[in-house]
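Here is the structure we will look at.
In this note's numbering, the protein residues as written are 104 to 650.
Structural data, given as structure tokens:
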């Protein structure tokens, strides 16, 4: 690409085959692509949301109504649409829930911006208004929030159940919410006067069979591995656990070496030496008092034999993440050199045993004294069911963790969005100028959440919105949202529909920033190698030729 001058005017020279769209056309196409993504996940929102069936190129089927899972599985080509997928991923990484809401809001913000562009309002003015509205929305949300502590188990369970509502786990959500809250409380670390929750220390294992109600919390770690030798004990009580990150095998030389053996006795001596080295490794472990060995690398067949003779339960090739969880759960230390292993480095567990779950054998390390890492074993009728239950449990764990860390919660069911819209309209009057139009557009856009909840429940969205606005004008009406089961407005806090504050604040941040970024693009240049992406469906007459 180069810039030349022709008759005093700059002229952009592009490689052959490159396509370019500028100005209003570029904005229209980007907004359209983003809105198509938004409308794709729109029908999945809320307790009455529908599921999507996604079939990949290999024929694998995913059935879900989890926004981020749908968008990750879709093969999105359009660059603006990819930005919407990033919105969902960011929301999932930060909070774990609210992914669908974030994408729908971003699409609605762009829809509102399109109307303002048609009124010849400059994109920069709209972007400024949206930023002001987003900042004000954060302040309003903070004022709406109620406090919660790690000891408020009932509220935390309600938060977890709200996150799981509408997913396949709904039938067993009370049981799963209880597991999620207990797991988060176990791994929470006190820090700076509050709590830090790293949900990576909650392992989730899933096995088809039995029902979702049979899912259980293990006060320790589940390793998806069996013992390495059949002669080893299947069950070890009062286990002293050695965590080793080195191979119990004969090391190869680092440089190319050649050993010349000319007589049978030399071969015997060589083999005996190898055997002695392996026996010495095993003796080193046994001498510390360890009766359970979890090895991150391989264990030689002969070493397995010696370990079995010594009555040691051993697992090989454990995942690094499992080793980290085991260190926290048992209080042990991961040792990278066997010679450094001492009895002080050993962890402790009340019980280590091999259990057969379905067709697979797994190692359960449980009854730890103060496990700072735990595992949840998810059961379900089919692979598709437990996959969706796993996503629901992940959402539940994430939102409970966010609530414990921040100590603030808000009502769900569209209540905070209606209150936000009401207060933002009042704020718009104080802003003045054309930015006020953008703030009003932001307020209208945020009402897409209660509107979509009503539509997905088969209710009249206009009637519900009018009723909600009237409720929020009255004193004490800030927590009124939509009861989708009875088809009327109700106090969400009293119904137990509660969400962490972080879910809502992150939705505002992600959606507004993505919307502003897409809005500010007025020139799209696509190289000829990849070609132009296909237009989104419903692009309108003539758009296919242009794009």
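We treat Cβ as the ideally placed atom computed from N, Cα and C, and that holds for glycine.
Fill in: Distance between residue 219 and residue 294 (C-alpha atoms, nearest Å)
For the purposes of this step, residue 294 is taken as the residue at position 191 of the chain shown. For the purposes of this step, residue 219 is taken as the residue at position 116 of the chain shown. Distance between the alpha carbons of residue 294 and residue 219 is about 47 Å.
Worksheet entry | Span of the beta strand (DSSP E), counted from its first residue to its last, around residue 602 | Counting from 1 along the chain shown, the entry for residue 602 is found at position 499. Note, residue 602: beta strand (DSSP E), 601 to 603.
Worksheet item: Got a sec? Which residues, its chain only, sit under 7 Å from residue 519 by beta carbon, not counting five neighbours each side?
Response: Your numbering for residue 519 matches position 416 in the chain shown. Correct list, in chain order: 244, 247, 513 and 607.
Practice prompt. Give every residue of the same chain whose Cβ lies closer than 7 Å to the Cβ of residue 534, excluding the five residues on either side of it in the sequence, and list them in chain order.
Written response: Indexing the chain shown from 1 puts residue 534 at position 431. Result list for residue 534: 235 and 542, in chain order.
Discussion item. Contact criterion: CB-CB distance below 9 Å. Does residue 157 meet it with respect to chain C?
Written reply: Here chain C cannot be found, since the structure has a single protein chain.
Worksheet item: Quick one: what's residue 583 bridged to in DSSP?
Response: Here residue 583 refers to the residue found at position 480 of the chain shown. DSSP output for residue 583 lists 594 as bridge partner(s).
Item to complete: Express the C-alpha separation of residue 266 and residue 495 in angstroms, rounding to a whole number.
Response: Position 392 of the chain shown, counted from the start, is the residue given in the question as residue 495. Position 163 of the chain shown, counted from the start, is the residue given in the question as residue 266. Their Cα atoms are separated by approximately 7 Å.
Worksheet item: Quick one: Cα of residue 337 to Cα of residue 330, how far?
Response: Taking the chain shown and counting its residues from 1, one reaches residue 337 at position 234. Taking the chain shown and counting its residues from 1, one reaches residue 330 at position 227. Going from the Cα of residue 337 to the Cα of residue 330 covers about 8 Å.
Worksheet item: If residue 199 and residue 497 are in contact, beta carbons under 8 Å, what's the gap, nearest whole angstrom?
Response: On the chain shown, residue 199 is found 96 positions in, with the first residue counted as 1. On the chain shown, residue 497 is found 394 positions in, with the first residue counted as 1. With 8 Å as the limit, residue 199 and residue 497 qualify as a contact, their Cβ atoms being about 6 Å apart.
Discussion item. Let me make sure I understand the geometry here. Which of 491, 170 and 499 has the alpha-carbon closest to that of residue 601?
Written reply: Locating residue 601 in the chain shown gives position 498, where the first residue counts as 1. The option with the nearest alpha carbon to residue 601 is 499.
Worksheet item: residue 634 by DSSP, collapsed to three states: which one?
Response: Working through the chain shown from its first residue, we reach residue 634 at position 531. Confidence at residue 634 is low in this model, with a pLDDT of 46, below 50, so its placement is unreliable and no value can be given for it.
Worksheet item: Is the region 311 to 331 touching the region 466 to 475 in the sense that three or more CB pairs, one from each, lie closer than 8 Å?
Response: yes
Discussion item. Quick check on DSSP: helix, strand or coil for residue 341?
Written reply: Within the chain shown, residue 341 is the residue found at index 238, counting from 1. DSSP places residue 341 in the strand class (E or B) of the three-state scheme.
Practice prompt. Using beta-carbon positions only, say whether residue 349 and residue 466 come within less than 9 Å of one another.
Written response: As a working note, residue 349 is residue 246 in the chain shown. As a working note, residue 466 is residue 363 in the chain shown. No.
Item to complete: Grab me the residues of residue 250's own chain with a C-beta within less than 7 Å of its C-beta, minus the 5 sequence neighbours each way, in chain order.
Response: Stepping through the chain shown from its first residue, residue 250 is reached at position 147. Excluding positions up to five away in sequence, the list reads 510 and 511.
Practice prompt. Using a threshold of 9 Å, state whether the C-beta atoms of residue 613 and residue 197 are closer than that.
Written response: In the chain shown, counting from the first residue as 1, residue 613 sits at position 510. In the chain shown, counting from the first residue as 1, residue 197 sits at position 94. Closer than 9 Å, so yes.
Worksheet item: Can the beta-carbon of residue 481 be found closer than 9 Å to that of residue 305?
Response: Translated into positions along the chain shown, residue 481 becomes position 378. Translated into positions along the chain shown, residue 305 becomes position 202. No, the Cβ-Cβ distance between residue 481 and residue 305 is not below 9 Å.
Worksheet item: Nearest-angstrom Cα distance between residue 525 and residue 255?
Response: Translated into the one-based positions of the chain shown, residue 525 becomes position 422. Translated into the one-based positions of the chain shown, residue 255 becomes position 152. Each residue's Cα considered, the two are about 30 Å apart.
Worksheet item: In three-state terms, what does DSSP make of residue 198?
Response: The residue labelled residue 198 in the question sits at position 95 within the chain shown. Note: residue 198 maps to coil in three-state DSSP.
Item to complete: Take residue 166 and list the residues in its own chain whose beta-carbon comes closer than 6 Å to its own, dropping the five residues that flank it on each side.
Response: Position 63 of the chain shown, counted from the first residue, corresponds to residue 166. Cβ neighbours of residue 166 beyond the five flanking positions: 154, 156 and 487.
Item to complete: Have a look at 182, 204, 134 and 160 and flag the residue whose alpha-carbon is nearest the alpha-carbon of residue 556.
Response: What you label residue 556 is simply residue 453 of the chain shown in a count that begins at 1. Ranking 182, 204, 134 and 160 by Cα distance to residue 556 puts 204 first.
Worksheet entry | Cα-Cα separation between residue 402 and residue 597, rounded to whole angstroms | The residue you call residue 402 lines up with position 299 of the chain shown. The residue you call residue 597 lines up with position 494 of the chain shown. Using only the alpha carbons, I get a separation of about 57 Å.
Worksheet item: Going by Cα to Cα distance, which pick from 311, 410 and 288 is closest to residue 300?
Response: Looking up residue 300 in the chain shown gives position 197. Here the closest residue by C-alpha is 288.
Item to complete: Pick helix, strand or coil for residue 398, following the three-state DSSP scheme.
Response: Residue 398 sits at position 295 when you count from the first residue of the chain shown. Note: residue 398 maps to strand in three-state DSSP.
Worksheet item: With DSSP run on the structure shown, which of helix, strand or coil describes residue 159?
Response: By 1-based counting over the chain shown, the position of residue 159 is 56. In this structure, residue 159 counts as coil in the three-state DSSP scheme.
Worksheet item: Are there 16 or more other CB atoms within 10 angstroms of the CB of residue 303, so buried, or fewer, so exposed?
Response: Indexing the chain shown from 1 puts residue 303 at position 200. Result: exposed.
Discussion item. Whole angstroms are fine: how far does the CA of residue 611 sit from the CA of residue 605?
Written reply: Taking the chain shown and counting its residues from 1, the one referred to as residue 605 is at position 502. Taking the chain shown and counting its residues from 1, the one referred to as residue 611 is at position 508. Going from the Cα of residue 605 to the Cα of residue 611 covers about 10 Å.
Discussion item. My parser needs the alpha helix (DSSP H) runs of 4 or more residues fully inside the region 124 to 189; what are they?
Written reply: 126 to 145 and 170 to 176
Worksheet item: What residue from 521, 406, 419 and 141 has the CA that sits closest to residue 594's CA?
Response: Looking up residue 594 in the chain shown gives position 491. Of the candidates 521, 406, 419 and 141, the one whose C-alpha sits nearest the C-alpha of residue 594 is 521.
Practice prompt. Have a look at 424, 408 and 133 and flag the residue whose alpha-carbon is nearest the alpha-carbon of residue 417.
Written response: Start at 1 with the first residue of the chain shown, and residue 417 comes out as number 314. Nearest C-alpha to residue 417: 408.
Fill in: Residues bridged to residue 309 [DSSP beta-bridge criterion]
To locate residue 309, count along the chain shown from 1; it is residue 206. Paired residues: 481.
Discussion item. Looking only at its chain, what residues have a beta carbon closer than 7 Å to the beta carbon of residue 558, apart from the 5 residues adjacent to it on each side?
Written reply: Here residue 558 refers to the residue found at position 455 when the chain shown is read from its first residue. These residues qualify, in order along the chain: 564.
Practice prompt. Spatial neighbours of residue 460 within its chain, please: CB distance less than 6 Å, with the 5 preceding and 5 following residues excluded, ordered by chain position.
Written response: Working through the chain shown from its first residue, we reach residue 460 at position 357. Correct list, in chain order: 310.
Worksheet item: Residues in its own chain within less than 8 Å of residue 227 by CB, not counting five upstream and five downstream?
Response: For the purposes of this step, residue 227 is taken as residue 124 along the chain shown, with counting starting at 1. Once the five neighbours on either side are set aside, the close Cβ partners of residue 227 are 623.
Worksheet item: Of all the options 493, 316 and 264, which has the alpha carbon lying nearest to the alpha carbon of residue 149?
Response: Indexing the chain shown from 1 puts residue 149 at position 46. Closest option to residue 149, Cα to Cα, is 264.
Worksheet entry | Pairwise C-alpha distance: residue 222 and residue 561 | For this step, residue 561 is matched to residue 458 along the chain shown. For this step, residue 222 is matched to residue 119 along the chain shown. Cα to Cα, residue 561 sits roughly 33 Å from residue 222.
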